[in-house]
Every structure is written in C-alpha cells, then in structure tokens.
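Start counting the sequence shown at 1351; every next residue gets the next number (this note's numbering).
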Amino acid sequence: MSPRAIIETSMGMITAELFADGAPGTVENFMNLANAGFYKNMIFHRIIKSFVIQTGDPTGTGRGGSDKQIKLETNNSLLHETGALGMARGNDPNSASSQFYICDSSVHGLDNNYAVFGKVTEGMDVVHAIASVPTGAGDRPVDPPKLLSVSIQ
C-alpha cells in the first residue's frame, strides 16, 4: 500500500497518494520533512489558477527551503495531471528541497522537467478553492492560505 500524505490547510484537508515506487528519493525526502514537522504553519506563497498552488518555503518568499537538496527524479509514467504533487526547484534540476506544488489542472509542459511524486485522492475542491484566491504581483496571494501541517499515513 502506498503511503498517503494528509495535507491540512486553512481552507480544508487534502489527501494524496505518494508514489514511492516512481519517485523513491523524492517521496523519502517529503516524508522525512513531514515526519520532522517541517511543514507547519507555512503560506501558499505562489498561486496561479489553472496551473499550480505552491508551498513548502519556511520564509514564505519562494526562495527558501530545507537544508537538503535532492536529485531530480522524472518518470515518463508520472505526469502533471490535475491533482499531481510535484517538487519545485530552481534552475539547477537537482535543486529541489522542500517546496512543492499541487496542479490545479493538467500542466504537461512540466512533464519530465519536475518530479511528480504524488496525486490528490481527496480534496481537489480545496485545491481549486486555494487556486481561486485573489493574487497580486508575482502570483502572491493577497491573503495567503496556510499550510498548517502534513502528516504521513
């Protein structure tokens, strides 16, 4: 049975299946951060309707992350479908650390460039609600929804 992430937000709960077989290093990193309590009381700092909602930066700026960077894992069978969880990164393909996003719609332009490591199984209504909040410059939400916690089951 695949591990599941329970993602508690200020706008509701999201449950996602994690693809430990398809992206083992990425899932291990995400689970380690979640189990260590890293993902607590952060904002969704980047929101683009019909694209992604992004969180996982303790600074809330979009430039922060955890201390450990991980190797990019792409798998042709793991695609950026609606509800996919993916790891955000900088220009270096191996620079992902803690920031992750959830696809608000299918975004196949990201396929094989960013690691997909899970998929929402419950709570897409919450993802769509977060994706619909008003945003300003730099795709930053005016009143940022919060990532309250991530737990692993």
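Virtual Cβ for every residue (Gly too), placed ideally from N, Cα, C. Just so we're clear, the structure is a prediction, and the values are computed from it rather than from any experiment.
Practice task
Just the C-alpha distance for Phe1380 and Ser1448, rounded to the nearest angstrom, thanks.
Solution key: Rounded to whole angstroms, the separation of the alpha carbons of Ser1448 and Phe1380 is 7 Å.
Exercise for the section: Compute the beta-carbon to beta-carbon distance between Gly1318 and Met1392, rounded to the nearest angstrom, for a pair I have assumed lies under 8 Å. Expected result: One cannot answer for residue 1318 here, as it falls past the ends of the chain, which runs 1351 to 1503.
Exercise for the section: Jot down the residue ranges of each uninterrupted beta strand (DSSP E) in the segment 1418-1478, minimum 3 residues, whole runs only, in chain order. Expected result: Every beta strand (DSSP E) of 3 residues or more that sits fully in the segment 1418-1478 is shown, in chain order, as 1434-1437, 1450-1453, 1466-1472.
Handout entry: Identity of the residues DSSP links to Gln1404 by a beta bridge
Key = Paired residues: Arg1396, Tyr1451.
Practice task
Have a look at Ser1427 and Ser1352 and give me their C-alpha separation to the nearest angstrom.
Solution key: Here the alpha carbon of Ser1427 sits roughly 16 Å from the alpha carbon of Ser1352.
Exercise for the section: Compare the beta carbon distance of Gly1468 and Phe1369 with 8 Å and say whether it is the shorter of the two. Expected result: In this structure, Gly1468 lies near Phe1369, with their beta-carbon atoms less than 8 Å apart.
Exercise for the section: Helix, strand or coil for Pro1374, going by three-state DSSP, please let me know. Expected result: Helix.
Handout entry: Glu1367 vs Thr1471 beta-carbon contact at 8 Å
Key = Yes, these two residues count as a Cβ contact at 8 Å.
Problem - Euclidean distance between Cα positions of Phe1401 and Ala1465 - result: For Phe1401 and Ala1465, the distance between alpha carbons rounds to 16 Å.
Practice task
Return the CA-CA distance between Arg1354 and Ala1384, expressed in angstroms with no decimal places.
Solution key: The alpha-carbon atoms of Arg1354 and Ala1384 are separated by roughly 11 Å.
Practice task
Just grab the DSSP bridge partners of Ala1366 for me.
Solution key: In DSSP, Ala1366 forms a bridge with Ala1355, Val1470.
Problem - Bounding residues of the beta strand (DSSP E) (the contiguous stretch that carries Val1492) - result: Bounds of any beta strand (DSSP E) do not take in Val1492, whose DSSP letter is neither H nor E.
Exercise for the section: Would you kindly work out how many angstroms separate the C-alpha atoms of Leu1498 and Arg1396, rounded to a whole number? Expected result: Going from the Cα of Leu1498 to the Cα of Arg1396 covers about 16 Å.
Practice task
Please determine, among Ala1487, Pro1491, Ser1456, the residue with the shortest C-alpha to C-alpha distance to Leu1429.
Solution key: Closest by alpha carbon: Ser1456.
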